[in-house]
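Below: one structure, written as structure tokens.
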Amino acid sequence: MASQSESPGITLIVTDDRPISVKFAETMLENDAYGIVTTMDGASCIKAAKRLNPDLILLDVIMTGINGFEVCRILKQDVETKDIPIIFSQ
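So this is what it looks like as structure tokens:
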């Protein structure tokens, strides 16, 4: 499941399986210059990245299902998403 705030310029995907971490990131990054898309798992992050081609992905390393390292590997092997910068978080 992905939620998206209004996207004026820079699009960020924040992915974490802990709702409090997602909310914290949204609060810290809330700004008129950012469109923030939140996802709660690796599969949703991959789908959102392919659909939106974001400017940056903030990605939790330790998640159930597909972990952050695997998400990164999948995105970097895809010609459409390989150039998206990824920052890992814990």
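In UniProt numbering, the protein residues as written are 1 to 90. Glycine included, C-beta positions come from ideal geometry on N, C-alpha and C.
Put residue i into one of helix, strand or coil per three-state DSSP.
i, result
"Thr64", "coil"
"Thr15", "strand"
"Thr38", "strand"
"Ile84", "coil"
Would you kindly work out how many angstroms separate the C-alpha atoms of residue i and residue j, rounded to a whole number?
i, j, result
"Ile10", "Thr27", "16 Å"
"Pro85", "Met63", "19 Å"
"Arg73", "Lys23", "25 Å"
So, are the CB atoms of residue i and residue j less than 8 Å apart?
i, j, result
"Asp41", "Ile66", "yes"
"Cys45", "Val79", "no"
"Leu12", "Leu58", "yes"
"Leu52", "Val37", "yes"
"Thr81", "Ala48", "no"
Assign residue i to one of two classes, buried (16 or more other C-beta atoms within 10 Å of its C-beta) or exposed (fewer than that).
i, result
"Val61", "exposed"
"Ala43", "exposed"
"Ala33", "exposed"
"Asp83", "exposed"
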